[in-house]
Amino acid sequence: MESMGYLGFIWGIVAFVWCAGLTAQFRQLKQTVQDAGIGHSEKASLREILERSIGKNADLKLESIGLSFGSSLSDCQVLEVDEEWALVLTGKKQEEKLVRIRSIRSVSLKG
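Residue numbering for the sequence shown is 1154 to 1264, as defined by our numbering.
Written out as structure tokens, the structure reads:
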């Protein structure tokens, strides 16, 4: 009976890894569809928001590829925006970073 518990544990791990792989494949498919211009795309409206906020400070939440882990850029200044990229100034050392617009999940502007 103890071996059934181990077998169930192993199957659980396999199912978790399989679901994580499906999530990554789904995000990749979603990105491909958006790049092709099919369906609803919020990239243009986000770009417009960032263009209006050039010179202002903002908090950006970013989406990473793969699992649902994300990162954020706190208190960064938007310097420049083009069709796909945004140049921001962030950190205590005021480093310039390029951020792909489609990887931004949310923008919180600061007064």
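Note that CB positions come from ideal geometry on N, CA and C, so glycine has one too.
If you run the structure through DSSP and keep just helix, strand and coil, what is residue i?
i: ASP1228; result: strand
i: LYS1245; result: coil
i: ILE1207; result: coil
i: ASP1212; result: strand
i: LYS1319; result: With the chain represented from 1154 up to 1264, any question about residue 1319 goes unanswered, as that position is not in the structure.
i: GLU1233; result: strand
Use the C-beta contact count for residue i: other C-beta atoms within 10 angstroms, 16 or more gives buried, fewer gives exposed.
i: VAL1241; result: buried
Report, in whole angstroms, the separation of the C-beta atoms of residue i and residue j, which I expect to be a contact under 8 Å.
i: ALA1250; j: ASN1210; result: Reading the sequence as shown, one finds Lys at residue 1250 and not Ala. Not quite, the Cβ-Cβ distance comes to about 14 Å (not below 8 Å), so this is no contact.
i: GLY1208; j: VAL1234; result: That pair is no contact at about 11 Å.
If you draw a straight line from the alpha carbon of residue i to that of residue j, how long is it in whole angstroms?
i: GLU1204; j: PHE1169; result: 41 Å
i: ILE1163; j: GLU1237; result: 43 Å
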